[in-house]
Structure formats: structure tokens, C-alpha cells
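S.K.:
There are 2 protein chains.
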Amino acid sequence: MKIPKPTVKRLGLYYRCLSRYKEEGVNFVSSQDIAERLNIKPSQVRKDLSYFGNFGKRGLGYSVNKLLGEIAFIIGVNKEWNVAIIGAGNLGSALANYPGLLKHKFNVVAIFDNDREKVGKKIGGITVTHISDLKEMVQEKNIEIAVIAVPESAAQYVAEQVEDSGVKGIVNFSPIKLRVNIPVEDVDITLSFETLAYTIIMGDNAFILEDDE
Amino acid sequence: MKIPKPTVKRLGLYYRCLSRYKEEGVNFVSSQDIAERLNIKPSQVRKDLSYFGNFGKRGLGYSVNKLLGEIAFIIGVNKEWNVAIIGAGNLGSALANYPGLLKHKFNVVAIFDNDREKVGKKIGGITVTHISDLKEMVQEKNIEIAVIAVPESAAQYVAEQVEDSGVKGIVNFSPIKLRVNIPVEDVDITLSFETLAYTIIMGDNAFILEDDE
DNA sequence: TAGATTGTTAATCGATTAACAATC
DNA sequence: TAGATTGTTAATCGATTAACAATC
Numbered sequence: 118m119k120i121p122k123p124t125v126k127r128l129g130l131y132y133r134c135l136s137r138y139k140e141e142g143v144n145f146v147s148s149q150d151i152a153e154r155l156n157i158k159p160s161q162v163r164k165d166l167s168y169f170g171n172f173g174k175r176g177l178g179y180s181v182n183k184l185l186g187e188i189a190f191i192i193g194v195n196k197e198w199n200v201a202i203i204g205a206g207n208l209g210s211a212l213a214n215y216p217g218l219l220k221h222k223f224n225v226v227a228i229f230d231n232d233r234e235k236v237g238k239k240i241g242g243i244t245v246t247h248i249s250d251l252k253e254m255v256q257e258k259n260i261e262i263a264v265i266a267v268p269e270s271a272a273q274y275v276a277e278q279v280e281d282s283g284v285k286g287i288v289n290f291s292p293i294k295l296r297v298n299i300p301v302e303d304v305d306i307t308l309s310f311e312t313l314a315y316t317i318i319m320g321d322n323a324f325i326l327e328d329d330e
Numbered sequence: 118m119k120i121p122k123p124t125v126k127r128l129g130l131y132y133r134c135l136s137r138y139k140e141e142g143v144n145f146v147s148s149q150d151i152a153e154r155l156n157i158k159p160s161q162v163r164k165d166l167s168y169f170g171n172f173g174k175r176g177l178g179y180s181v182n183k184l185l186g187e188i189a190f191i192i193g194v195n196k197e198w199n200v201a202i203i204g205a206g207n208l209g210s211a212l213a214n215y216p217g218l219l220k221h222k223f224n225v226v227a228i229f230d231n232d233r234e235k236v237g238k239k240i241g242g243i244t245v246t247h248i249s250d251l252k253e254m255v256q257e258k259n260i261e262i263a264v265i266a267v268p269e270s271a272a273q274y275v276a277e278q279v280e281d282s283g284v285k286g287i288v289n290f291s292p293i294k295l296r297v298n299i300p301v302e303d304v305d306i307t308l309s310f311e312t313l314a315y316t317i318i319m320g321d322n323a324f325i326l327e328d329d330e
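As C-alpha cells, then:
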């Protein structure tokens with residue numbers, strides 16, 4: 118069965134939402150409860166979950182603990198991922214210390230840069246390695262995910278190095294479309310600002326233009 | 118006429134793509150050229166542009182300069198935006214120096230934090246201000262966009278302060294759904310990692326599960 | 001003119017939502 | 001049992017794509 122990409126994205130949101138319910142000591146939640154917190158429709162929650170199994174009890178809702186476990190299994194929360202950050206600039210440094218990654222299953226185990234000045238320095242407890250040692254380190258440290266946080270001009274070249282090194286996927290913070298044969302997840306920060314700007318300009322007419330525009 | 122949200126997102130991509138063509142000295146491009154670089158279909162490029170006008174010449178394609186101008190007008194590239202960053206941690210600091218914003222139309226003019234230790238220090242040439250002065254600074258510096266780069270636990274509270282201050286839109290780096298009545302653009306870094314992880318796990322069967330799963 | 005490429009329509013594809021029988 | 005809520009179907013909505021007449 119084909120799982121819609123938006124469903125996969127929402128699985129992560131469900132997981133976080135349920136974690137909060139657990140913290141709050143809630144044992145059972147309905148699709149309505151989840152939907153309200155996430156600003157979506159209850160039928161969407163039920164449909165998303167139904168791709169993977171029957172996790173709820175009619176009349177009762179979902180056991181927070183059970184559903185957490187099921188989703189954890191689906192999105193592979195139990196697995197640990199070793200991550201390399203390429204680019205020891207401001208963004209790369211911030212990501213190396215990013216609590217959202219640290220407290221989850223993503224362990225930053227290496228930082229690379231091509232600047233000999235930066236090599237050997239420590240960022241968030243990790244020594245910066247020269248990019249020429251990428252492949253070696255990937256094998257040695259069993260790195261599966263690479264983060265591209267280098268300037269636009271270097272991004273494609275770096276991506277090819279990464280692909281060649283045996284890394285399995287890329288989180289790409291550069292604004293270009295990478296041409297590689299491994300999965301890439303784009304985080305386009307500038308584009309988010311531009312989209313917001315457009316939305317603000319359009320005001321209440323967001324995404325609506327008059328015929329004569 | 119209603120403009121699909123994905124179309125708005127792509128407008129920013131077209132703009133960048135055309136900027137590169139201009140740098141390369143190219144004067145005319147076809148929808149096919151653009152589509153190839155962006156890994157989308159030519160008919161999508163044409164359809165997206167057709168929401169806003171007839172910018173091309175049949176048989177010839179689009180004038181790079183003219184189309185750049187048209188898109189700049191649509192997405193409001195000519196307007197300058199004053200941006201405040203809330204949260205002077207690693208991520209906030211990185212964003213204050215982020216080249217992708219600096220070289221575009223987004224000027225970071227203020228950084229806020231609630232930590233008295235940080236207030237008064239300089240980040241990327243900007244002095245950190247205490248969050249209690251938010252409203253005052255927003256008026257004074259004409260700030261229209263706020264970036265939320267604070268811990269999850271503070272995000273909703275900060276968002277309400279931001280809304281109250283008169284800011285027009287939020288770029289939200291926290292992992293929660295903000296409940297405010299101004300436009301919000303979410304940048305969910307952790308979710309991008311999770312989605313990538315899922316895609317890697319699924320391998321060639323990405324987003325496909327067998328019936329018996 | 002002949003070749004190329006647009007702008008636009010109609011068909012297809014994919015995702016969301018409402019509705020409701022099943023059932024706890 | 002009566003009330004609540006699931007799981008699933010079918011309807012709707014929205015976005016992408018192919019196809020092609022218009023035309024540079």
C-alpha cells in the first residue's frame with residue numbers, strides 16, 4: 118500500500134503530541150483530541166493511522182502508551198542514527214548543538230569543513246575534521262546521515278562527495294536542488310521567509326488574486 | 118483566482134533559478150530549461166506562471182530579465198523586511214548571521230532573549246535586547262517579521278507576546294503548532310530528520326508498505 | 001515558412017474530509 | 001444498554017500533468 122508523504126510527516130507530529138499527553142499523565146486520547154492540538158481534522162488522524170493498523174478501541178479512543186509504541190516502531194524511533202555535519206559555519210555549529218536532535222535519536226558524531234583554520238577546533242565537544250577525510254570517517258563512525266550546511270557554491274560538490282562516501286541520506290540546508298541518488302530532505306530557510314512575506318502581503322486574501330491582477 | 122500554496126513556494130525557486138541564469142549570461146530560457154534544473158515538469162512551470170500573466174513568447178521562451186522582474190514584483194522582492202530574532206541561543210545566533218537572509222531582503226535588526234546574562238552582548242553586530250522591550254522595539258524599528266528560536270517550553274508564550282507587539286508574521290523554528298492569529302511559517306528541523314530517516318528505512322519502497330505489514 | 005514553445009484545457013492523480021456502519 | 005469513537009468507504013477537493021491549438 119502506498120503511504121502519502123504528508124501522512125509520513127504527520128506521524129512525527131503525532132508522536133510528539135502523544136509524548137506530551139504522556140507527560141501530562143493522560144492514558145487515552147481520541148482522534149479528536151489529537152486533531153485539535155494539531156489543527157487538523159479527526160478523520161485525517163484516523164485515516165493516517167489506519168494505513169498501519171488498527172490501534173484504537175471504538176468508543177474509547179487510543180491508548181497513549183500503545184500508540185506511542187506503534188508509531189515509534191513505524192518511524193524507527195528506536196533506531197539510533199549517526200549524523201555528520203558538513204560545514205562548520207554558524208549554521209553547522211548551531212546544528213551540532215541543536216537540542217531537538219540531541220534529545221532524539223540523531224547523534225552528531227562528526228563535523229567537517231574545508232577550512233584548515235577550523236580543522237582541529239572543537240564545536241559542541243566534537244573536533245572539526247577536514248572534508249578530505251569524509252569517506253574514511255563515514256566508514257569508521259558508521260555515519261548514515263549527512264547535513265549539508267555549506268555555502269550554495271559548494272553544495273553540489275559536497276553532496277557528491279557525501280554520496281560517494283556511503284552515507285544513506287542528506288538533510289540539505291543549501292538553497293539548491295541537489296543531484297544525487299540518495300534521499301534528500303530539503304530545509305529551505307530563505308524560502309520559508311519568502312513564503313511568509315508573500316502571505317503577509319496578500320493579507321486576508323492570501324493565495325487569492327483578483328481576476329484583474 | 119486562487120493560487121495553490123505549492124505554486125507560491127515554487128515562485129521563490131524560479132526566482133533563484135533565473136538569477137543563476139542571469140549570472141551565467143543567459144537571456145532566454147524555456148519552461149523546459151527551468152523545469153530541468155528544478156526537477157519538475159515544464160507544464161508545471163508554465164501553469165504556475167500563467168496564474169500571474171503571460172510572460173513568455175511562444176517559440177522563444179521567457180526573457181530572463183523580464184521574468185525576474187515579474188516574479189520579483191509578485192513575491193515582493195523589492196520590499197525590505199525588518200526581522201527580529203527571539204532567542205539568542207545557537208540557532209538564533211546562526212540565523213542572525215545567516216547569509217541567505219542578509220543578502221536578500223530580510224534585515225535582522227534586533228535580537229531578544231529573556232536571559233539577563235545575554236542582554237547587552239553583541240551577536241553579528243546586533244546588541245541583544247531583553248524580551249520585555251519587545252513591543253517597544255517592534256514599533257521603533259518597524260519590525261514586521263519575528264523568528265521564534267526559543268525552547269519548545271517558551272514558544273507559545275513568546276508567540277503571544279510577538280502577536281501582541283504588532284509583528285505581522287512569524288517564522289517558527291520550535292516544534293509546536295503556534296496558536297496565534299498572524300501568519301506562521303514552520304521550519305521543523307527535527308521533523309525533516311525524521312522524515313529522512315523514514316525514507317531511508319523504507320529504501321526503494323519509500324512510502325510503500327506491503328499488504329501484510 | 002518550419003520549428004519551437006507558450007498558454008490553457010481537460011484528464012489524471014493524490015490527499016482530505018464527511019459520513020456512517022461497526023463495535024467498544 | 002446507550003453513548004462514544006473507531007475504521008473505512010465514498011465524495012470532494014486540490015494539484016499535477018499531458019496534450020494541443022495558438023502563435024512567435
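Going down the list, the sequences are from chains H and L.
Using this note's numbering, read the first sequence as starting at 118 and increasing by one per residue.
Using this note's numbering, read the second sequence as starting at 118 and increasing by one per residue.
Every residue gets a Cβ at the ideal spot worked out from N, C-alpha and C, and that includes glycine.
None of the values given here were measured: they were computed from a predicted structure.
1. Would you verify that the beta carbon of ASN214 of chain H is, or is not, closer than 8 Å to some beta carbon of chain L?
2. Counting only beta-carbon separations shorter than 8 Å, does SER270 of chain L have a partner in chain H?
3. Compare the Cα-Cα distances from VAL162 of chain H to each of H:VAL125, H:ASN182, H:TRP198 and H:PHE190 and report the closest residue.
4. Quick check for students: name the residue ranges of the beta strand (DSSP E) that lie wholly in the segment 198-248 of chain H, counting only runs of 3 or more.
5. Output needed for LYS174 of chain H: all residues of its chain with C-beta closer than 7 Å, excluding positions within five of it in sequence on either side, in chain order.
6. For the segment 193-214 of chain L, which residues have a CB atom closer than 9 Å to at least one CB atom of chain H, in sequence order?
7. What is the DSSP secondary structure of GLY186 of chain H, reduced to helix, strand or coil?
8. Straight-line CA distance for ILE202 of chain L to ASP250 of chain L?
9. Under the assumption that ALA263 of chain L contacts GLY206 of chain L (Cβ atoms under 8 Å), give the Cβ distance between them as a whole number of angstroms.
10. Can you check DSSP and say which residues form a bridge with ILE262 of chain H?
11. Can you check whether the C-beta of GLU311 of chain H is within less than 8 Å of a C-beta belonging to chain L?
12. Is the beta carbon of GLY129 of chain L less than 8 Å from the beta carbon of LEU308 of chain H?
13. Assuming ASN156 of chain H and LYS294 of chain L make a contact with CB atoms under 8 Å, what is their CB distance in whole Å?
14. List the residues of chain H that PHE223 of chain L touches, going by C-beta distances under 7 Å, in chain order.
15. Roughly how many whole angstroms lie between the Cα atoms of ASN182 of chain L and PHE190 of chain H?
16. Using a cut-off of 7 Å between C-beta atoms, extract the partners of GLY286 of chain H located in chain L.
17. According to DSSP, is ASN305 of chain H helix, strand or coil?
18. TYR132 of chain H lies in the alpha helix (DSSP H); which residues open and close that run?
19. Taking the Cβ atom as the reference point for each residue, do LEU218 of chain H and PHE310 of chain L lie within a distance shorter than 8 Å?
20. Suppose the cutoff is 7 Å on Cβ atoms and the five residues either side in sequence are ignored; what does the same chain contact list for ASN195 of chain L look like?
21. Output the distance between the C-alpha atoms of ILE248 of chain L and ASP232 of chain L, rounded to the nearest integer angstrom.
22. Note down the Cα distance separating GLU302 of chain H from ARG127 of chain H, rounded to an integer number of angstroms.
23. LYS164 of chain H to ARG137 of chain H, Cα distance in whole Å?
24. Verify the CB distance criterion: does PRO123 of chain L have a CB-CB separation below 8 Å to chain H?
25. The beta strand (DSSP E) that contains SER180 of chain H, what's its start and end?
26. Just the C-alpha distance for MET254 of chain L and LEU177 of chain H, rounded to the nearest angstrom, thanks.
27. What does GLU112 of chain H reach in chain L if we use C-beta pairs closer than 8 Å?
28. Starting from the C-beta of SER238 of chain L, find all residues in its chain whose C-beta is less than 8 Å away, skip the five residues before and the five after it, and write them out in chain order.
29. With 16 as the cutoff for other CB atoms within 10 Å, does ASP329 of chain H come out buried or exposed?
30. Is the Cβ of ASN231 of chain L closer than 8 Å to any Cβ of chain H?
31. Name the chain H residues whose beta carbon is nearer than 8 Å to that of ARG163 of chain L?
32. Taking only beta-carbon positions, decide if TYR131 of chain H is within less than 8 Å of chain L.
33. Could you tell me the boundaries of the alpha helix (DSSP H) in which PRO159 of chain L lies?
34. Tell me the rounded alpha-carbon separation between SER282 of chain H and PRO121 of chain L.
35. Can you grab the Cα-Cα spacing for the pair TYR274 of chain H / TYR132 of chain L, in whole Å?
36. Quick one: is GLN278 of chain H buried, meaning 16 or more other Cβ sit within 10 Å of its Cβ, or exposed?
M.R.: If we stick to the structure as given:
1. In the first sequence, residue 214 of chain H corresponds to position 97, counting from 1. Answer yes: the Cβ-Cβ gap between ASN214 of chain H and chain L drops below 8 Å somewhere.
2. Start at 1 with the first residue of the second sequence, and residue 270 of chain L comes out as number 153. So no, SER270 of chain L is outside the interface.
3. Numbered from its first residue, the first sequence carries residue 162 of chain H at position 45. Of the listed residues, the one whose Cα sits closest to VAL162 of chain H is H:VAL125.
4. 198-203, 223-230 and 243-247
5. The residue labelled residue 174 of chain H in the question sits at position 57 within the first sequence. Cβ neighbours of LYS174 of chain H beyond the five flanking positions: none.
6. Those would be GLY193, VAL194, LYS196, TRP198, VAL200, GLY206, ASN207, LEU208, GLY209, SER210, ALA211, LEU212, ALA213 and ASN214, in chain order.
7. For the purposes of this step, residue 186 of chain H is taken as the residue at position 69 of the first sequence. Note: GLY186 of chain H maps to helix in three-state DSSP.
8. Stepping through the second sequence from its first residue, residue 202 of chain L is reached at position 85. Stepping through the second sequence from its first residue, residue 250 of chain L is reached at position 133. Taking the straight line joining both Cα atoms gives about 13 Å.
9. In the second sequence, residue 263 of chain L corresponds to position 146, counting from 1. In the second sequence, residue 206 of chain L corresponds to position 89, counting from 1. Your pair ALA263 of chain L and GLY206 of chain L does not check out as a contact, with CB atoms roughly 15 Å apart and the cut at 8 Å.
10. The residue given as residue 262 of chain H occupies position 145 in the first sequence. In the DSSP output, where bridge partners are listed per residue, ILE262 of chain H has H:VAL200 and H:GLY286.
11. As a first step, residue 311 of chain H is located in the first sequence; it is residue number 194 there, counting from the start. Closer than 8 Å: yes.
12. Your numbering for residue 129 of chain L matches position 12 in the second sequence. Your numbering for residue 308 of chain H matches position 191 in the first sequence. Judged by beta-carbon spacing, LEU308 of chain H lies within the 8 Å limit of GLY129 of chain L, meaning their Cβ atoms are closer than that value.
13. In the first sequence, residue 156 of chain H corresponds to position 39, counting from 1. In the second sequence, residue 294 of chain L corresponds to position 177, counting from 1. So it is a contact: roughly 6 Å between Cβ atoms.
14. Stepping through the second sequence from its first residue, residue 223 of chain L is reached at position 106. Near PHE223 of chain L (Cβ distances below 7 Å), the residues of chain H are PHE310.
15. Sequence index remark: in the second sequence, residue 182 of chain L carries index 65 (1-based). Sequence index remark: in the first sequence, residue 190 of chain H carries index 73 (1-based). Distance between the alpha carbons of ASN182 of chain L and PHE190 of chain H is about 51 Å.
16. As a first step, residue 286 of chain H must be located in the first sequence, where it is residue number 169. Those within 7 Å of GLY286 of chain H in chain L are LEU313, THR316 and ILE317.
17. By 1-based counting over the first sequence, the position of residue 305 of chain H is 188. Looking at the sequence provided, one finds Asp at residue 305 of chain H rather than Asn. In the structure shown, ASP305 of chain H sits in coil (DSSP, three-state: anything other than H, G, I, E or B).
18. Reading the first sequence from its first residue, position 15 is the one you call residue 132 of chain H. From DSSP, the alpha helix (DSSP H) with TYR132 of chain H extends over 122-140.
19. By 1-based counting over the first sequence, the position of residue 218 of chain H is 101. By 1-based counting over the second sequence, the position of residue 310 of chain L is 193. Annotated as proximal: LEU218 of chain H and PHE310 of chain L, with beta-carbon spacing under 8 Å.
20. Here residue 195 of chain L corresponds to residue number 78 of the second sequence, with the count starting at 1. Counting only Cβ-Cβ distances below 7 Å, and skipping sequence neighbours, we find ALA189.
21. For the purposes of this step, residue 248 of chain L is identified with residue 131 of the second sequence, where counting begins at 1. For the purposes of this step, residue 232 of chain L is identified with residue 115 of the second sequence, where counting begins at 1. About 9 Å.
22. For the purposes of this step, residue 302 of chain H is taken as the residue at position 185 of the first sequence. For the purposes of this step, residue 127 of chain H is taken as the residue at position 10 of the first sequence. If I take the Cα positions, the gap works out to 15 Å.
23. In the first sequence, residue 164 of chain H corresponds to position 47, counting from 1. In the first sequence, residue 137 of chain H corresponds to position 20, counting from 1. Cα-Cα distance, rounded: 22 Å.
24. By one-based count along the second sequence, residue 123 of chain L stands at place 6. With 8 Å as the cut-off, PRO123 of chain L does not count as an interface residue toward chain H.
25. Position 63 of the first sequence, counting from 1, holds the residue named residue 180 of chain H. Where SER180 of chain H is concerned, the enclosing beta strand (DSSP E) stretches over 178-180.
26. The residue you call residue 254 of chain L lines up with position 137 of the second sequence. The residue you call residue 177 of chain H lines up with position 60 of the first sequence. Near 50 Å, if we compare the C-alpha coordinates of LEU177 of chain H and MET254 of chain L.
27. Because chain H in this structure spans residues 118 to 330, residue 112 of chain H falls outside the shown range and cannot be described.
28. Numbered from its first residue, the second sequence carries residue 238 of chain L at position 121. Sequence check: residue 238 of chain L is Lys here, not Ser. Closer than 8 Å at the Cβ level, and outside the excluded window around LYS238 of chain L, lie ALA205, THR244 and VAL245.
29. One-based indexing of the first sequence puts residue 329 of chain H at position 212. With a pLDDT of 33 at ASP329 of chain H, under the threshold of 50, the modelled position of this residue cannot be trusted, and the question is left open.
30. If you number the second sequence from 1, residue 231 of chain L lands on position 114. So no, ASN231 of chain L is outside the interface.
31. Position 46 of the second sequence, counted from the first residue, corresponds to residue 163 of chain L. By Cβ distance, chain H contributes nothing, its closest Cβ being about 17 Å from ARG163 of chain L, past 8 Å.
32. Counting from one through the first sequence, the residue named residue 131 of chain H turns up at place 14. Under the 8 Å criterion on CB atoms, TYR131 of chain H is classed as non-interfacial with respect to chain L.
33. Residue 159 of chain L sits at position 42 when you count from the first residue of the second sequence. From DSSP, the alpha helix (DSSP H) with PRO159 of chain L extends over 159-167.
34. Walking along the first sequence from the start, residue 282 of chain H turns up at place 165. Walking along the second sequence from the start, residue 121 of chain L turns up at place 4. Each residue's Cα considered, the two are about 39 Å apart.
35. The residue you call residue 274 of chain H lines up with position 157 of the first sequence. The residue you call residue 132 of chain L lines up with position 15 of the second sequence. Between TYR274 of chain H and TYR132 of chain L, the C-alpha separation is close to 22 Å.
36. Here residue 278 of chain H refers to the residue found at position 161 of the first sequence. Buried, since its Cβ has 16 or more Cβ neighbours within 10 Å.
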